[in-house]
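Asks: Have a look at this one before I ask anything.
There are 2 protein chains.
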Amino acid sequence: MSTYTVSQAAAQTGWSPRMLRYLESTGLVVPARSAAGYRRYEPQELALLRGLAELRQGFDVELDDIAFVVRLRRDARLRAAVEHWLAGTAVPAEGASEADWIEWEQRKHERLLAA
Amino acid sequence: MSTYTVSQAAAQTGWSPRMLRYLESTGLVVPARSAAGYRRYEPQELALLRGLAELRQGFDVELDDIAFVVRLRRDARLRAAVEHWLAGTAVPAEGASEADWIEWEQRKHERLLAA
DNA sequence: CCAACCTTACCACAGTTATGTCAAGGTGTC
DNA sequence: GACACCTTGACATAACTGTGGTAAGGTTGG
Chain V
0 MSTYTVSQAA AQTGWSPRML RYLESTGLVV PARSAAGYRR YEPQELALLR
50 GLAELRQGFD VELDDIAFVV RLRRDARLRA AVEHWLAGTA VPAEGASEAD
100 WIEWEQRKHE RLLAA
Chain U
0 MSTYTVSQAA AQTGWSPRML RYLESTGLVV PARSAAGYRR YEPQELALLR
50 GLAELRQGFD VELDDIAFVV RLRRDARLRA AVEHWLAGTA VPAEGASEAD
100 WIEWEQRKHE RLLAA
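Chains as they are written, first to last, in numbering that gives the first Met the number 0: chain V, 0 to 114; chain U, 0 to 114.
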């Protein structure tokens, strides 16, 4: 079968076995278990683990941040609340043009430097 | 004029002045400044502050989490990367029905409890 | 049946977050 | 000009995150 133990998965993704257990505890990547309780990682989960490492390294994103996005995705009430809050923000919304952002950044400067 | 000093804003939102300064430092709520450098909160920002407190209290959301959503909102590349990662997740996507979620939660139970 | 894996449960530790307090100095109002 | 506010900066700290160990014990494959 094509599933991997925790240390095999670790070897193939660059994480330590310790961290794979930690990731499971946070709910981010939760492998199935064998009859005896051993973690069994599937290829799809290896891809998830690699992607997670890339996100962290490439964008300076915390595990926490990703966990929150996952949470957002499955909790519709929370999602609605956050979107409502964002609507009150001066920050340009989803469809905003690059120009909107530049202008916004300039105003932010004005605000910060105002004297 | 209808703007508020840091302690007036604090009194009306339930935050401490210290926390309002902290929130500014994180970029979440950044008030304008008077000529002498005093923070001037506008009514809209009071609403933002109240909403932030409600999110934290009502949903157990960290400031970090909100800051990340704001970041997601303005960084299209990051947003694309995160969405790509989410696509590989076993978690049902945006348009999923309630039934999908129930089934997913059950499988998660199976995975966690498998023995 | 034994070596090499796996499990959980702890202890440890540096770094960050969220929060308070205090000091030294500028501002504004009566 | 005194008093109540504002500013920044520093120090303090409890809780949490991310990460590493180690120990005591179960599983498995040659």
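Every residue gets a Cβ at the ideal spot worked out from N, C-alpha and C, and that includes glycine. Only a predicted model underlies this, so the values are computations on that prediction, with no experimental measurement involved.
Could you name the residues of the same chain whose beta carbon sits closer than 6 Å to that of V:Trp-84, not counting the 5 residues immediately before and after it, in chain order?
Replies: For this step, residue 84 of chain V is matched to residue 85 along the first sequence. Excluding sequence neighbours, V:Trp-84 sits near nothing in its chain.
Asks: When DSSP builds the beta bridges, which residues end up paired with U:Arg-38?
Replies: In the second sequence, counting from the first residue as 1, residue 38 of chain U sits at position 39. Answer is U:Arg-32, bridged to U:Arg-38.
Asks: Strictly by DSSP, which residues pair up with U:Gln-3?
Replies: The residue you call residue 3 of chain U lines up with position 4 of the second sequence. First, the amino acid is wrong: residue 3 of chain U is Tyr here, not Gln. DSSP lists U:Tyr-40 as partners of U:Tyr-3.
Asks: For U:Leu-62 and V:Gln-7, I'd like the C-alpha separation in whole angstroms.
Replies: For the purposes of this step, residue 62 of chain U is identified with residue 63 of the second sequence, where counting begins at 1. For the purposes of this step, residue 7 of chain V is identified with residue 8 of the first sequence, where counting begins at 1. Cα-Cα distance, rounded: 36 Å.
Asks: Keeping to the same chain, check which residues put their C-beta closer than 7 Å to that of V:Pro-42; ignore five residues upstream and five downstream.
Replies: In the first sequence, counting from the first residue as 1, residue 42 of chain V sits at position 43. Once the five neighbours on either side are set aside, the close Cβ partners of V:Pro-42 are Ser-1.
Asks: What is the rounded straight-line gap between the Cα of U:Ala-52 and the Cα of U:Tyr-40?
Replies: Here residue 52 of chain U is taken as the residue at index 53 of the second sequence, counted from 1. Here residue 40 of chain U is taken as the residue at index 41 of the second sequence, counted from 1. Their backbone Cα atoms lie some 16 Å apart in a straight line.
Asks: If I follow the unbroken alpha helix (DSSP H) through U:Leu-71, where does it start and stop?
Replies: Counted from its first residue, the second sequence places residue 71 of chain U at position 72. Element bounds for U:Leu-71: 62-73.
Asks: Cα separation between V:Ser-24 and V:Val-60?
Replies: Within the first sequence, residue 24 of chain V is the residue found at index 25, counting from 1. Within the first sequence, residue 60 of chain V is the residue found at index 61, counting from 1. Approximately 18 Å, taken between the alpha carbons.
Asks: Just the C-alpha distance for U:Leu-54 and V:Ala-75, rounded to the nearest angstrom, thanks.
Replies: Here residue 54 of chain U refers to the residue found at position 55 when the second sequence is read from its first residue. Here residue 75 of chain V refers to the residue found at position 76 when the first sequence is read from its first residue. Each residue's alpha carbon lies about 14 Å from the other.
Asks: So which of V:Arg-49, V:Gly-36, V:Gln-11 and V:Glu-82 has the shortest CA-CA distance to U:Asp-64?
Replies: Within the second sequence, the letter at position 65 stands for residue 64 of chain U. When only C-alpha atoms are compared, the closest one is V:Glu-82.
Asks: What's the gap between the Cα of V:Pro-30 and the Cα of U:Gly-87?
Replies: Indexing the first sequence from 1 puts residue 30 of chain V at position 31. Indexing the second sequence from 1 puts residue 87 of chain U at position 88. For V:Pro-30 and U:Gly-87, the distance between alpha carbons rounds to 14 Å.
Asks: Using C-beta distances below 7 Å, list every residue in its chain close to U:Leu-19, excluding the 5 sequence neighbours before and after it, in chain order.
Replies: Numbered from 1 along the second sequence, position 20 holds the residue referred to as residue 19 of chain U. Same-chain partners within the cutoff: Val-5, Ala-8 and Ala-9.
Asks: Rounded to whole angstroms, what's the CA-CA distance from V:Ala-66 to U:Phe-58? Just pull it up for me.
Replies: Here residue 66 of chain V refers to the residue found at position 67 when the first sequence is read from its first residue. Here residue 58 of chain U refers to the residue found at position 59 when the second sequence is read from its first residue. Approximately 14 Å between the Cα atoms of the pair.
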